[in-house]
Amino acid sequence: MATSGYSSIENGYRGIREEYPAAIFGQGVNKSYGRGKNKLSVLQDLNMNVPRGAIYGLLGPSGCGKTTLLRCIVGRLNYDSGHLIVLGDHPGARGHGIPGSMVGYMPQETALFNEMTIGETLSYFGRIHAMTSDGIKKRTDFLLEFLTLPKPNRLIKELSGGQKRRVSFSVALLHEPELLILDEPTVGVDPLLRERIWKHLLSISQSSGQKTTIIITTHYIEEARQANRVGLMRSGRLLAEEAPDTLLHQHHKDSLESVFLELCREDKNEENTDNMTINKKDQKPDCIHNDDDEPLLDAGLNESIIYPDAAPRKSTDSSSGDHGDGVCNCCVKCFRPRNILAQMIKNFTLMKRNIGFLLFEFMLPAIQIVLFCLCIGRDPYDLQFGVVNMDTLGLGGDLLTYLDSEVVHQVNYSSLDAGLDSVKAGQTWGTIYINQNFTFAIIDRFAKGANASNTTLDESTVKLYLDMTNQQIALIIQEKVAQAFQDFSSTLLIKFHQNPAIAQVPIKLESPVYGSNTPSFTNFMAPGVIISITFFLATGLTTLSFVLEKKEGLLDRSLAAGMTSVEIMLAHVMTQLVVMAVQVAILLVCALLIFHVPYEGPLIWVIVLVLLQGFCGMALGMIFSSICDNENSAIQCALGSVYPMLLLSGIIWPVEAIPIWMRYISYSLPMTYAADALRCVLSRGWDITMMPVWRGYLATMGWSLGLLLIAAIILRIKQ
1 MATSGYSSIE NGYRGIREEY PAAIFGQGVN KSYGRGKNKL SVLQDLNMNV
51 PRGAIYGLLG PSGCGKTTLL RCIVGRLNYD SGHLIVLGDH PGARGHGIPG
101 SMVGYMPQET ALFNEMTIGE TLSYFGRIHA MTSDGIKKRT DFLLEFLTLP
151 KPNRLIKELS GGQKRRVSFS VALLHEPELL ILDEPTVGVD PLLRERIWKH
201 LLSISQSSGQ KTTIIITTHY IEEARQANRV GLMRSGRLLA EEAPDTLLHQ
251 HHKDSLESVF LELCREDKNE ENTDNMTINK KDQKPDCIHN DDDEPLLDAG
301 LNESIIYPDA APRKSTDSSS GDHGDGVCNC CVKCFRPRNI LAQMIKNFTL
351 MKRNIGFLLF EFMLPAIQIV LFCLCIGRDP YDLQFGVVNM DTLGLGGDLL
401 TYLDSEVVHQ VNYSSLDAGL DSVKAGQTWG TIYINQNFTF AIIDRFAKGA
451 NASNTTLDES TVKLYLDMTN QQIALIIQEK VAQAFQDFSS TLLIKFHQNP
501 AIAQVPIKLE SPVYGSNTPS FTNFMAPGVI ISITFFLATG LTTLSFVLEK
551 KEGLLDRSLA AGMTSVEIML AHVMTQLVVM AVQVAILLVC ALLIFHVPYE
601 GPLIWVIVLV LLQGFCGMAL GMIFSSICDN ENSAIQCALG SVYPMLLLSG
651 IIWPVEAIPI WMRYISYSLP MTYAADALRC VLSRGWDITM MPVWRGYLAT
701 MGWSLGLLLI AAIILRIKQ
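Numbering (UniProt numbering), first residue to last: 1 to 719.
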């Protein structure tokens with residue numbers, strides 16, 4: 001809650017607003033970046049007074065704090081202390097139109113969507129400002145003609161630098177705001193067009209209806225003589241704030257540049273002697289001197305303004321709606337459907353401009369699931385396998401015929417040493433050795449049974465020498481040789497009128513409760529792979545959502561126009577949900593219908609869970625997009641999350657194989673329970689009533705909401 005002292009200050013300011021209706025009133029405004037030794041003061045006890053209906057020229061060298069001051073005025077930046085009142089209230093105060101439709105903001109960078117046309121750009125901002133379609137069209141036609149811009153169907157990326165700045169200027173003028181903030185609008189503009197722009201600015205500031213207040217920064221100092229008032233800024237302070245002619249008269253100079261140079265020298269001398277600063281907090285600003293025919297006199301703003309005696313506001317002292325934290329109040333507003341719709345139309349337009357990449361996004365899940373089903377989980381085949389058969393009586397050769405010829409390609413060697421050399425040279429995966437007395441020994445072994453001698457047992461034993469560096473291939477060869485020996489033994493027993501069951505392992509596999517007697521590793525991995533493909537593709541869809549817009553100033557401009565971070569985030573999520581739904585449909589068609597991944601349970605639960613996992617991945621991408629300020633770091637974050645989550649989520653290998661202390665980490669990841677739930681639905685046919693299934697849904701929804709909340713908080717803090 002605001003303190004009583006703060007309330008009394010507010011009452012004092014309300015009185016000032018009523019008696020002196022200044023458009024912008026600032027006292028003792030301070031802003032710094034960093035902390036401790038790295039602290040950099042950008043605005044230092046800055047006082048400012050901009051009358052309503054005035055054109056205010058803000059002049060100063062690069063790095064003096066002009067852009068920082070403008071961002072504070074439009075509510076896009078918090079100031080540390082002091083007071084700043086814009087159009088009757090603090091920027092960002094609840095219910096105030098700043099940031100919003102009361103201000104038209106043209107930042108220093110062009111801040112335009114290169115893949116959109118001029119008309120689409122103006123329509124986007126017009127929707128944010130709640131303009132009608134007819135109103136947008138009329139203003140667009142006027143601005144295109146006034147600023148000599150190309151046709152509205154021209155893409156922004158096809159324009160020259162000067163044309164882009166004029167489009168940026170037209171965005172600020174579009175909705176005819178009460179306050180215009182223009183950061184160097186005439187840079188690179190033809191002199192004749194610059195003259196027309198100034199005439200238009202003078203016209204809208206002096207109109208009989210709503211008088212537009214204009215703050216303009218420019219590198220052309222003499223150009224600022226057309227302003228009603230100029231503020232000369234250096235090192236975060238206003239050295240002087242007065243009508244241009246008055247400054248020239250007071251300093252006996254014939255150019256503003258000479259006045260500015262003299263003021264800078266005086267300020268430097270005063271800094272060196274450490275006597276005083278030009279812009280003390282208790283200093284009263286100079287009067288506004290205008291000719292008698294100036295319209296500013298009608299408001300009575302040519303009198304001195306008395307600042308109330310009060311301590312400057314600290315940004316941490318107040319939690320009420322009326323303070324300088326425009327971002328805070330902007331974020332707590334309820335989201336507005338029109339803003340979300342405008343953002344969604346913009347997002348779909350950008351997708352349409354890059355149709356090739358969009359088609360690739362649609363095909364990517366199909367490519368990944370096809371590669372998985374073709375390459376993972378199948379038995380290897382055509383394995384080079386050495387054979388040393390020293391048996392000359394026939395049964396050794398019969399045994400070799402039972403080896404699966406598709407899996408094992410037999411390579412004969414004349415001696416055991418030659419066979420072992422082939423394994424050592426990497427030419428074969430192993431060698432089988434059959435003793436020269438194998439035929440007699442195997443017959444004697446079956447005939448005598450438990451009474452067979454050790455020599456008989458040894459000579460009837462087939463010996464394998466394997467390359468065990470590849471576990472999967474070694475296990476496959478062992479399995480195929482064991483199966484071949486079992487089939488050979490059964491056939492041999494039948495020849496001797498014996499029961500072939502004697503050769504069988506005394507373990508019988510009955511019909512499985514779930515699955516088949518010939519399980520596939522593909523079927524084990526498929527549910528997890530479907531989940532992971534959806535999750536990480538969705539993460540990639542949203543990882544760069546805010547990064548590019550932040551980098552090019554687009555996000556800042558949208559927020560200054562009245563959008564909130566929540567609205568932008570929801571619009572991105574809803575847009576990408578459409579893309580993700582198409583991806584999921586293609587993914588499931590390929591997996592379930594083309595490659596026949598078994599699904600025993602209700603298909604609806606499969607679709608819902610996969611979509612929820614995609615939504616969860618989008619939420620994670622939102623966090624990366626909120627944290628990172630450039631594409632490289634965002635992409636690195638997204639890529640860095642893939643392997644840890646893939647390895648720990650039980651997708652590639654069962655969670656039960658993970659060390660116990662790491663299982664807690666595994667179970668806390670968003671895909672672990674979801675992959676298990678999908679496996680239960682696909683392979684076991686379970687529905688939502690079973691605990692492992694609803695647990696997967698619950699974990700996914702919890703992660704999704706939690707990640708979105710974190711993303712919103714990060715955006716709130718950073719913006």
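Where a beta carbon is used, it is the ideal one built from N, C-alpha and C, also for glycine. The structure displayed is predicted, hence computed values, not measured ones.
The C-beta distance from P177 to G88 rounds to 14 angstroms, too long to meet the 8 angstroms contact threshold. Restricting attention to A585, P244, A243, L239, the CA atom closest to the CA of C264 is found in L239. If you compare the alpha carbons of L69, P506, V582 with that of A366, the shortest gap goes to V582. Counting of Cβ neighbours within 10 angstroms places W661 among the exposed residues, the total staying below 16. Out of S516, G394, H129, G621, the CA that lies nearest to the CA of S641 is found in G621. A direct Cα-Cα distance of roughly 34 angstroms separates Q343 from S81.
Here the alpha carbons of V171 and S133 stand approximately 15 angstroms from one another.
Linking H596 to I369 through their CA atoms gives a straight-line distance of about 12 angstroms.
Using a 10 angstroms sphere on the CB of H175, the tally of other CB atoms reaches 16 or more, which defines it as buried. Look at the beta carbons and you see the segment 516-534 touching the segment 377-384: at least three pairs across the two are nearer than 8 angstroms. The alpha-carbon of V187 is positioned some 9 angstroms away from that of Y220.
By the CB criterion at 8 angstroms, S520 and L646 fall outside the cutoff.
Below 8 angstroms, too few C-beta pairs join the segment 395-409 and the segment 611-631 to call them touching: fewer than three.
I432 and M618 have their C-alpha atoms roughly 54 angstroms apart. Counted as a single uninterrupted DSSP element, the alpha helix (DSSP H) harbouring L715 occupies residues 691-718. Counting only runs that start and end inside the segment 395-427, the alpha helix (DSSP H) elements of at least 4 residues fall at 395-401, 416-424.
Straight-line measurement puts the Cα of V462 at about 46 angstroms from the Cα of Y673. According to DSSP, residue pairing for H251 in a beta bridge does not occur. Going by beta carbons, I216 and L58 fall inside the 8 angstroms limit. Rounded to whole angstroms, the Cβ separation of L554 and A111 is 5 angstroms, and the two are in contact under 8 angstroms. Counting along the chain, Y220 sits inside no alpha helix (DSSP H), nor does DSSP assign it H or E at all. The way I'd put it, the segment 62-80 doesn't touch the segment 148-163; fewer than three beta-carbon pairs between them come closer than 8 angstroms. Under the three-pair Cβ rule at 8 angstroms, the segment 384-401 does not count as touching the segment 535-553. Here G119 carries a helix assignment [DSSP, helix/strand/coil]. Assignment of beta-bridge partners to Y433 by DSSP yields V388, K463. L715 and S565 have their C-alpha atoms roughly 6 angstroms apart.
Going by C-alpha positions, K718 is about 39 angstroms away from E195. Exclusion of the five residues before and after R139 leaves L174 as the residues of its chain whose Cβ lies within less than 7 angstroms of its Cβ. The C-beta distance from F372 to L570 rounds to 33 angstroms, too long to fall under 8 angstroms, and the pair is not in contact. The beta-bridge partner set that DSSP reports for M106 consists of L182. In this structure F385 touches V408 by the C-beta definition: roughly 5 angstroms separates them, less than 8 angstroms.
By the Cβ-count criterion, D556 is buried, with 16 or more other Cβ atoms from all chains shown falling within 10 Å of its own Cβ. The three-state secondary structure of K151, taken from DSSP, is coil. In the three-state reduction of the DSSP assignment, T534 falls in the helix class.
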